[in-house]
Each structure stands twice: as structure tokens, then as C-alpha cells.
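Below is one structure, written out as C-alpha cells, with a few remarks after it.
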Amino acid sequence: MGVTCIFYIKEPSIVSNIMSTMERRIKNLFGGKKLDPWNVVCKLYKSVTFPRIPLELIKNSGRGESMYLLSFSSKPSHVYTIIDEKIVMETDNALIELVTKIKNIWTIRQTAKIDGYNYEIGDYNVRYGNLNVGSHSKGLVVEVEHTKSTSVTKSSDLLIEFIDYLIPKELYKNYKLELKLKERANYNFIFTSRHTAYQYINLLRSEKIL
């Protein structure tokens with residue numbers, strides 16, 4: 002997996018127009034090759050509290066208050082999890098089944114889903130789709146991957162430039178870009194799918210979607 006950049010457009014009312022514009026550019030301007038459908042699922046779990054046990058005691062036990070489980074259709078055998086604001090862990094998807102069996106510890110609160118399209122354009126993959134929580138649309142998510150690099154330093158400018166070609170700026174006003182990990186001062190590290198998972202979870206959390 003290469004370096005990815007997550008581009009989020011908040012206004013649900015303009016999603017249809019942007020998606021049709023992107024599709025025309027991908028097919029006619031870039032000659033993109035359509036791949037399998039793409040989807041992302043992120044579930045938010047909350048720690049079960051007990052009336053007789055203080056919340057502070059639960060926190061100190063290391064169990065945490067919030068847990069995110071995220072899965073990609075492109076990696077069906079893996080799931081990514083983060084508890085509170087600690088590191089993202091990559092595990093076997095059997096974890097999902099395990100969590101559903103321990104309802105006395107974790108209970109599911111919300112699920113965010115992205116269902117959309119996946120195109121290959123030379124050294125790039127473009128994935129985009131509607132972001133929904135239940136029956137509510139939360140905007141458009143575009144993921145661009147530079148498949149030939151695992152260096153954020155080398156790929157960041159290329160990814161941003163590619164998005165500028167892909168989506169005309171006059172079509173949107175409010176957006177959020179997830180690319181670099183803010184807690185790192187030095188971006189000379191090997192980018193992995195765990196970093197992509199972090200981008201999604203950070204987006205959903207910071208925008209108060211989940």
C-alpha cells in the first residue's frame with residue numbers, strides 16, 4: 002500500500018455534482034480503469050460502565066472509554082482498532098466477532114459507512130463515496146493513494162496537486178484534508194495501512210461524526 006490522502010467535503014447538497022464531475026474527469030481526462038466497488042466501515046464502541054464502579058477506576062484499569070474498529074473492502078481479512086487516542090493496531094478480522102461477544106465490556110454506539118467507487122489512474126488509486134451514519138448523509142470522502150511511494154515527504158505535494166486536478170475548487174467551500182500525522186515532527190517514516198486507518202478515525206472523531 003502506498004501513501005494515502007483523505008479529502009472530506011462536508012456539504013451533502015453538493016456531493017452529487019462533485020461525484021459526477023470527478024467521474025467525467027477520471028474517465029475522459031485521465032483514462033481511469035474502474036476496479037471493484039469500494040467501502041469502509043467504522044464502528045464506535047463505548048466502554049460499559051457499572052453503577053457501583055467509579056468511571057475513574059475503569060479508566061485507570063487501562064480498558065479505555067472509546068474504541069473504534071475500522072475495516073476496508075480492499076483488506077477484508079484485517080481490522081484496525083484504536084482505543085481512546087492511543088496507537089492504531091492492525092489485527093485479524095476475527096476481532097469483530099470477539100467484540101460482539103463481550104457486550105458486558107464494550108457496547109456499539111454508532112456505525113459510519115462509505116460506499117463508493119475505485120479507479121486506477123497510472124501510479125494513483127482514487128476511491129470516493131458518500132459517508133453515511135445510519136440514514137444520515139455526512140458528505141463526501143475521497144481517498145487518493147500514490148501507489149509507488151511509502152514516503153509522506155515525497156508524496157504529499159503530488160497527492161495535493163492530483164486532488165486539485167481531480168476536483169475543481171469552485172465546486173466546494175468547506176473541506177478537510179487528512180495527510181500528515183500531526184503528532185510527528187519528522188515525516189520520514191514508512192507509510193502503512195495503519196496510517197490510512199488513523200486518517201479515517203481522526204477525521205470521524207475530529208469532525209464529531211462518530
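Counting the sequence shown from 1 gives a position; our numbering is that position plus 1.
Cβ coordinates follow ideal geometry from the N, Cα and C atoms, glycine included.
Look at the Cβ atom of residue i, then the Cβ atom of residue j, and state whether they are nearer than 8 angstroms.
i, j, result
"residue 148", "residue 32", "no"
"residue 176", "residue 43", "no"
"residue 125", "residue 144", "no"
"residue 47", "residue 66", "yes"
"residue 1", "residue 89", "Because residue 1 is not part of the residues shown, which for the chain are 2 to 211, the question remains open."
"residue 173", "residue 12", "yes"
"residue 111", "residue 80", "no"
"residue 41", "residue 115", "yes"
Along the chain, where does the beta strand (DSSP E) that runs through residue i open and close?
i, result
"residue 132", "125 to 134"
"residue 90", "90 to 93"
"residue 148", "Premise fails: residue 148 is in no beta strand (DSSP E) and is neither H nor E."
"residue 81", "79 to 84"
"residue 8", "4 to 10"
"residue 176", "176 to 179"
Given that a residue counts as buried once 16 or more other Cβ atoms are within 10 Å of its Cβ, and exposed if not, what is residue i?
i, result
"residue 75", "buried"
"residue 119", "buried"
"residue 108", "exposed"
"residue 29", "exposed"
What are the boundary residues of the alpha helix (DSSP H) that residue i is part of?
i, result
"residue 24", "16 to 25"
"residue 201", "194 to 207"
"residue 158", "153 to 167"
Hey, how far is the Cα of residue i from the Cα of residue j?
i, j, result
"residue 23", "residue 207", "26 angstroms"
"residue 27", "residue 7", "17 angstroms"
"residue 122", "residue 159", "14 angstroms"
"residue 9", "residue 190", "24 angstroms"
"residue 156", "residue 130", "23 angstroms"
"residue 139", "residue 94", "26 angstroms"
"residue 72", "residue 196", "13 angstroms"
"residue 142", "residue 38", "14 angstroms"
"residue 62", "residue 78", "Here residue 62 scores only 49 on pLDDT, less than 50, and its place in the model should not be relied on; the value that follows carries that caveat. Their backbone Cα atoms lie some 30 angstroms apart in a straight line."
"residue 152", "residue 5", "10 angstroms"
"residue 19", "residue 117", "13 angstroms"
"residue 70", "residue 211", "12 angstroms"
"residue 113", "residue 137", "10 angstroms"
"residue 1", "residue 106", "With the chain represented from 2 up to 211, any question about residue 1 goes unanswered, as that position is not in the structure."
"residue 82", "residue 45", "10 angstroms"
Quick one: what's residue i bridged to in DSSP?
i, result
"residue 46", "68 and 109"
"residue 37", "None; residue 37 has no bridge partner."
"residue 117", "39 and 130"
For the ligand SAM, is there a heavy atom less than 7 angstroms away from the beta-carbon of residue i?
i, result
"residue 200", "With respect to the ligand SAM, the structure shown offers nothing to examine, as it has no ligands at all."
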